[in-house]
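A.B. asks: According to the working numbering, the sequence shown holds residues 11 to 90 in order.
Encoded as C-alpha cells, here's the structure I'll be asking about.
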Amino acid sequence: MPPKGRIVVNEMYCKGCELCIASCPQEVLALANDHITAKGYHPATIIAEGCTGCAICSIVCPEAAITVYREKTGANRIPA
C-alpha cells in the first residue's frame, strides 16, 4: 500500500502561482476556482485522494504556504 499524506494550504500566504500543481507527481492539486482569498487569489487545494505525502509541493512553494502531514503506517504505527 502506498504511503498516504494530507496537505494544508495556508490561504493567507498562497498566491495561486501553481508551482505546487505543476510539481505534484500524483496530480491531486488544483486552484480553488470557487472562492478567492482576502488578497484576491485563488488558492491551491487538494482535489482527489492519492496524496502520498512526498512534500514536493511544500518544497517548491515560494510562500511556504503548504504543510504536509504523513500518515503513520506499518512499523511506524504507535500501538494504543
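Ideal Cβ placement from N, Cα and C applies to all residues, glycine included.
Predicted model only: the values in this text are computed from it and were never measured.
#1: Mark Glu-21 as exposed unless 16 or more other C-beta atoms lie within 10 angstroms of its C-beta, in which case mark it buried.
#2: State the CB to CB distance for the pair Lys-14 and Thr-62, rounded to an integer number of angstroms; the pair is presumed to be in contact (CB under 8 Å).
#3: Which partner residues does Gly-15 have in the DSSP bridge list?
#4: Within the same chain, show all residues whose beta-carbon is closer than 8 Å to that of Asn-43, passing over the 5 residues directly before and after it, in chain order.
#5: If you drop the 5 nearest sequence neighbours on each side, which residues of the same chain put their C-beta closer than 6 Å to that of Gly-60?
C.D. replies: For this structure:
#1: The residue you call residue 21 lines up with position 11 of the sequence shown. With 16 or more Cβ atoms within 10 Å of its Cβ, Glu-21 is classed as buried.
#2: Taking the first residue of the sequence shown as position 1, residue 14 is located at position 4. Taking the first residue of the sequence shown as position 1, residue 62 is located at position 52. Yes, Lys-14 and Thr-62 are in contact; Cβ-Cβ is about 7 Å, under 8 Å.
#3: Within the sequence shown, the letter at position 5 stands for residue 15. Under DSSP, Gly-15 shares a beta bridge with Arg-80.
#4: Taking the sequence shown and counting its residues from 1, the one referred to as residue 43 is at position 33. Cβ neighbours of Asn-43 beyond the five flanking positions: His-52.
#5: Taking the first residue of the sequence shown as position 1, residue 60 is located at position 50. Counting only Cβ-Cβ distances below 6 Å, and skipping sequence neighbours, we find Gln-36, Val-38.
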